[in-house]
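Chains as they are written, first to last, in the numbering used here: chain A, 17 to 621; chain B, 17 to 621. These notes are about the structure you will find just below.
2 protein chains.
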Amino acid sequence: MGRREQDLKPASPTDQVGLWLSDFGDALAANDIQAALALFNDDCYWRDLLCFTWNIKTSEGKPGVAATLQGTLASAKPSGWRIDGEANRVDDVTDGWFTFETPLARCKGHVRLKDGKCFTLLTLMDELKGFEEPRGERRERGVQHGVSRDRKTWLESRAQEEAELGRSVQPYCVIIGGGQGGIGLAARLRQLNVPALIVDKLPRPGDAWRNRYKSLCLHDPVWLDHMPYIPFPDHWPVFSPKDKIGDWLEMYVKVMELPYWGGTECTHAHYDAQTKEWSVTISRNGEMITLRPKQLVLATGMSGVPNIPKFPGAESFKGTQYHSSQHRSGEAFAGKRCVVVGSNNSAHDICADLWEHGADVTMLQRSSTLVARSETLMELSSGRLYSEAALKRGINTDKADLMSSSMPYGVMAKVQVPVYAEMATRDKAFYDRLRKVGFMLDFGEDGSGLFVKYIRRGSGYYIDVGGSELIANGEVKLKSGVSVTRITPDSVVLSDGSEVPADLIVYATGYGSMNGWAAKIISQEVADRVGKCWGVGSGTTNDPGPWEGELRNMWKPTRQEALWFHGGNLQQSRIYSKYLALQLKARMEGIPTPVFDLAAVHHLS
Amino acid sequence: MGRREQDLKPASPTDQVGLWLSDFGDALAANDIQAALALFNDDCYWRDLLCFTWNIKTSEGKPGVAATLQGTLASAKPSGWRIDGEANRVDDVTDGWFTFETPLARCKGHVRLKDGKCFTLLTLMDELKGFEEPRGERRERGVQHGVSRDRKTWLESRAQEEAELGRSVQPYCVIIGGGQGGIGLAARLRQLNVPALIVDKLPRPGDAWRNRYKSLCLHDPVWLDHMPYIPFPDHWPVFSPKDKIGDWLEMYVKVMELPYWGGTECTHAHYDAQTKEWSVTISRNGEMITLRPKQLVLATGMSGVPNIPKFPGAESFKGTQYHSSQHRSGEAFAGKRCVVVGSNNSAHDICADLWEHGADVTMLQRSSTLVARSETLMELSSGRLYSEAALKRGINTDKADLMSSSMPYGVMAKVQVPVYAEMATRDKAFYDRLRKVGFMLDFGEDGSGLFVKYIRRGSGYYIDVGGSELIANGEVKLKSGVSVTRITPDSVVLSDGSEVPADLIVYATGYGSMNGWAAKIISQEVADRVGKCWGVGSGTTNDPGPWEGELRNMWKPTRQEALWFHGGNLQQSRIYSKYLALQLKARMEGIPTPVFDLAAVHHLS
């Protein structure tokens, strides 16, 4: 059938995507960028995870797509575009999955068509040819069958590795921070045979969770939280208690055979641009050791260094004061007057914890907060891809991860606005009660909700698991629209002139950018060279422009050679650890990795 | 369409099974046993796992089926027979899966039809109504949302349970033996909310594996070996090294939250038929404690107590002598003369280990051994249901377990004969080389192969992972067709009059029946009352008749109330721990469990 005839009759979604894909493939094979552009809408987004750009990059509009093709096509040499499964059509959008390859890699992709032309395109690297993970049919045998007089058992090999790594054998990569992020990345690197060593200042994997306040549970439901390779079993609770996650991570490190040095603090790291090697000075249970990896990953938490505001008089305070990250339990504060500065997740959790232990608690809210009820959030938002219902529709974690990767940040806000309009309606009574006690609410500056706010600034919201009730019913007192003016020996004085007596002040005032860790560990110069981490440049509070369209500096090359930032929630860590691992593997193997359009630095923190 | 018309045209497999099922369901609903029997071939087998019999029972032939229906139909009251998925037809056998229920339970089943009538029928209990496991949509939330001043965290609850269980709170069930069997059973009981405590004399879970000889790997490939609930990740090696399995089990105990007392030896157990309670005396790291469970499970390994033959003069031997279960490593025996008595799995592994360490090794083979090359075994036998290829055909572990449960032991031998005929042909050169050095081979007395031999006697075979090459090429010396006459201070004297000098004698002479553990722990009287464990009564060597058609005493009620035997390889432990757990749960909940046709005892060991 000729192309013209095909155009005249309504094509099936699969035919339509197949046709688009074959035209797109042909245009790229012919190096005909104009022909390729003709397949895109004016309003278009192309998100590439490594295949073309060796970067994490969204190109926007035809000029953006043109520039990226111009800059990458010659080296990427994509081919073999094949539709994968059946395409779908919902309203005016037809979407489908596909596979393709480059000389270096096997890749996957997704396209959304409007009026037959591309609205969004995702291209992602799935595996490097010749460096496939040993899964399924490729798994190792585990035992060399046959007999041999110099057989080394698994246990002996493990013991040897443990004795040598970081001593006589240098890891290719050092990961600073042994939370879920560092652990998941190390697991992927292990499967790719990249020698990596995690260092963490706490003794055991999982301790970062164990050391938090005792009522803490994951705020994301279990379907979002799986680690790579070993998913939680299907009786795992919806919201994991922190100590249970701690045990899981400790087990995971063990059975995934991840080199992990607990009780180890990184005191300094320095990159030698000549030898292209880091020297990473660590103190391991008191012993000073210098590691010499080629790559350094900061997996210290996307939240960065705690923000502790400097209020006049704070040094005179006679009670206890600390940052929310230091809060362990309200146990010691029964009957005490506690002031929690802040109104986001941690502030709510800590208020509830203090109240549960019989403290007299006041929350100080300076600016509005996005509150979403956990149940509603699951139903309206994450549950579409991550839930039992999604699993029943055949959307397993891998598929859900691909689908969520397919949505460019530039489109996400628009898509989310109606979700939160629905939330406002559905939970109106709940929100009215909060407003009535003066709690200031928002759904983001453009009404785009929680996940977008998280992407923009990593803060400014509370997923309600009960704390809002305490605010609404007055069990936890609220001072809103005020800020702290100064602190006296036994109180907090507010901008409205009022004074709140206090035995405890908790600063639930958030965290700085992750490059603060670079400043601490490497140098201010390197931190400034790299610039702000996180945020997409939306021009909203705490996410200044210009628009970048991807999270700044996360999981991708930075302005400091061989320095990488890894973090985010469990879902993001799972998804993006894969692409970070592929980038590290490619560099270790000497595969050319020309980075297209390394992001400019606009903000230092 | 009338029944007659249907009969005239060739029905699809699904129609045929659906029709059979509806007829069968109708007959049972009408309590019309004759009508039900009319649906069976004369040559027929009905395997029931709990649904009808509260037993593990295969009824054979029409009289067998009639008797079981007669004895169980009134209490089982099955209904709601529905075909599950599409049926298949291969040659003259049509087979399909179905579901049904009883007032107490949701059940599954499988039927094979020949000429439209039942050849084999499987009915199994899947879950007890009202006591479903908290999986998927039923999973716990993990955190009580909302706030509460007497909130107990997960960690506090766990600590409390640990402090109380076995002290102020008695476990409903004590499991003696913390290998994969005891652990998997405990996991199922935990999910069913049956308080159970594992006791094991070794300190840490997995130590039973860690303490074996260092070259040991699982002889079954990974696809057979998954534990319940948390399958191995898909990079797990085909043949797990023993220490890696040890770590996995230790992790499993932790994250499945299984109460496990290591370093704990059971010295005595006594059942009080009046109070229906066991008193189980244990020594936990030196402290004597008496546990008072309602149920006692011996999960001490289906191999039972080591068989150590009493040879004249053994006490005069000046070298080292021990049972194969005591062998740790050949390290100490470089250059020493080692005699291994036996020619099965352990004997081969230990010969290879000693040879690898530079010992001078002689194997003594008294009678013939079934040798199967590991590769060939996977290809021709287990791989049909358990392999990457099977996974690609949609046969996951659950399905494979159901399918393997559907084959009655009475049919299995016949089915396996051609598999081993094929093996003999395919590996002829291999077998010829073994025969040439005098190694005596068999494929079972009726040629039915390894798994059937395992079911009959749990021994008599070697899965070749390299040891046979050492025999064939003479690196390990072989004396076959001989037995030990006596032992001198420095040699073993054989029945052919020859004498083999020895510094080490290893008795790879197998294990007794599991009721030997009952004799050790409870009393000889109880051991005799229960009788021999394992074996199906095939009338072949070490499996005396009469025919029972199921494994004696395994995972089902025994002649000693509240005493249970659990064991087998990882596959069997995974499959049958489920049915054992359901039996224990039903008893704990006071659900009536009338046992049909409790097996008679014919042999004491």
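Quick reminder that beta carbons are idealized off the backbone N, C-alpha and C, glycines included. These figures come from a predicted structure and were not determined experimentally.
query: Exposed or buried, B/R98, counting other C-beta atoms within 10 Å across all chains shown (16 or more means buried)?; result: exposed
query: Note the first and the last residue of the continuous beta strand (DSSP E) segment covering A/E117.; result: V109 to E117
query: Give me the DSSP bridge partner(s) of A/P211.; result: According to DSSP, A/P211 bridges with nothing at all.
query: Could you tell me which whole beta strand (DSSP E) segments of length 3 or greater appear in the segment 379–414 of chain A?; result: 386–389
query: Could you check whether A/T557 and A/R473 sit closer than 8 angstroms to each other, using their CB atoms as the reference points?; result: yes
query: Quick check: is the beta carbon of A/H242 nearer than 8 angstroms to any beta carbon in chain B?; result: no
query: For a test of the three-state rule: what should DSSP assign to B/A121, helix, strand or coil?; result: strand
query: Over what stretch of residues does the alpha helix (DSSP H) that includes B/M570 continue unbroken?; result: Unbroken run through B/M570: none, as it is neither H nor E.
query: With a threshold of 6 angstroms on Cβ separation, who are the neighbours of A/F255 within its own chain once the five nearest residues in sequence on each side are excluded?; result: C233 and L234
query: Taking only beta carbons into account, state which residues of the segment 238–265 of chain A come closer than 7 angstroms to chain B, listed in chain order.; result: Y245, I246, P249, D250, H251, W252, P253, V254, F255, S256, P257, D259, K260, D263 and W264
query: Which bits of chain B does A/P150 rub up against, with CB to CB less than 8 angstroms?; result: H251
query: Looking at B/R165 and A/A372, is the spacing between their C-beta atoms short of 8 angstroms?; result: The sequence given here has Glu at residue 372 of chain A, not Ala. Taking 8 angstroms as the Cβ cut-off, A/E372 and B/R165 qualify as a contacting pair.
query: When burial is assigned at 16 or more other CB atoms within 10 Å of the CB, is B/A121 buried or exposed?; result: buried
query: Checking contacts by CB at 8 angstroms: is B/R155 closer than that to chain A?; result: yes
query: When you check each C-beta in the segment 379–393 of chain A against every C-beta of chain B, which residues fall closer than 7 angstroms?; result: S390
query: Can the beta-carbon of A/Y268 be found closer than 8 angstroms to that of A/I246?; result: yes
query: Mapping the DSSP letters down to three states, classify B/Q311 as helix, strand or coil.; result: strand
query: Roughly how many whole angstroms lie between the Cα atoms of A/Q540 and A/H618?; result: 16 angstroms
query: Just the C-alpha distance for B/I366 and B/Y229, rounded to the nearest angstrom, thanks.; result: 8 angstroms
query: Below 8 angstroms between beta carbons: does that hold for A/K78 and A/D58?; result: yes
query: Can you tell me whether DSSP reads A/A445 as helix, strand or coil?; result: helix
query: In whole angstroms, give me the CA-to-CA distance for B/R603 and A/D448.; result: 52 angstroms
query: Who are the near neighbours of A/D506 in its chain, counting only those whose CB is closer than 8 angstroms to its CB and skipping five residues on each side?; result: F333, K334, G335, P517, A518 and D519
query: Please report the distance separating the alpha-carbon of B/G18 from that of B/L35.; result: In this prediction, B/G18 scores a pLDDT of 45, lower than 50, which makes its location untrustworthy; no coordinate-derived value is stated.
query: B/S514: buried (16+ other C-beta within 10 angstroms of its C-beta) or exposed?; result: exposed
query: Using a threshold of 8 angstroms, state whether the C-beta atoms of A/L265 and A/Q207 are closer than that.; result: no
query: Given 7 angstroms as the limit, tell me if A/V190 has its C-beta closer than that to any heavy atom belonging to the ligand ADP.; result: The ligand content of the structure shown is nil, which means the ligand ADP is not present either.
query: What are the start and end residues of the beta strand (DSSP E) that includes B/T136?; result: K133 to L144
query: Using a Cβ cut-off of 7 angstroms, pull out every chain A residue sitting near B/W170, in sequence order please.; result: P257, D259 and K260
query: Quick one: list the residues of chain A neighbouring B/E177, beta-carbon separation under 8 angstroms, in chain order.; result: Residues of chain A passing the Cβ test: none, with the nearest at roughly 14 angstroms.
query: Pair every Cβ in the segment 60–75 of chain A with every Cβ in the segment 136–143 of chain A, then say whether three or more of these pairs are closer than 8 angstroms.; result: yes
query: In the DSSP assignment, the alpha helix (DSSP H) including B/S589 goes from what residue to what residue?; result: L586 to M604
query: Quick check: the Cα distance between A/H339 and A/G483, rounded to an integer number of angstroms?; result: 19 angstroms
query: Run through DSSP, which three-state label would B/A440 get?; result: helix
query: So which residues on chain B does A/Q540 lean against when the C-beta distance must stay under 8 angstroms?; result: Near A/Q540 there are no residues of chain B at all, since even the closest Cβ is about 40 angstroms away, more than 8 angstroms.
query: Leaving out the 5 sequence neighbours to the left and right, which residues in its chain are closer than 8 angstroms to B/E102 when beta-carbon positions are compared?; result: P29, T30 and G112
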